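Chemist:
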Amino acid sequence: VGVEWEAINFWAGGLPIRLGFRQSKLPFRFLDERVKENTVSLGFSIVMAQALGLPLAALDVAAEAGSRRSGSYDESLRRLTMTLRVGGN
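For the sequence shown, my numbering gives the first residue as 3, with consecutive numbering after it.
1) Name, in chain order, the residues that DSSP records as bridge partners for residue 49.
2) Should residue 70 and residue 39 be called a contact, given that it needs their Cβ atoms to be closer than 7 Å?
3) Could you tell me the boundaries of the beta strand (DSSP E) in which residue 9 lies?
4) So, is residue 9 buried or exposed, given that buried needs 16 or more other C-beta atoms within 10 angstroms?
5) Between residue 77 and the ligand GDP, is there a pair consisting of the residue's CB and a ligand heavy atom that are separated by less than 6 Å?
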């Protein structure tokens, strides 16, 4: 479940800000119990170049924090993802 909000224009396009939550049971077991994962994420995109309203270059940044549980085992996770998209002829 998530939302995306584009409040302002920045550089060559909008600056969408995203917030999301995910809860899932993973398709494997650990210590004879199903693994459950909960995460929350926050991210944004910066369009650096566009033509005819289509992005040609963009930087996407997302941060995610959460936990995994299986029986008495519990671990936390932190992830930072940066993606550079480049397209065109």
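Quick reminder that beta carbons are idealized off the backbone N, C-alpha and C, glycines included. As the structure is a computational prediction, the values presented were derived from the model and not from experiment.
Modeler: Straight from the coordinates:
1) Bridge partners of residue 49 according to DSSP: 60.
2) Between residue 70 and residue 39, the CB-CB gap stays under 7 Å.
3) Where residue 9 is concerned, the enclosing beta strand (DSSP E) stretches over 4–12.
4) The residue is exposed, with fewer than 16 neighbouring Cβ atoms inside 10 Å.
5) Although the ligand GDP was asked about, the structure shown includes no ligands whatsoever.
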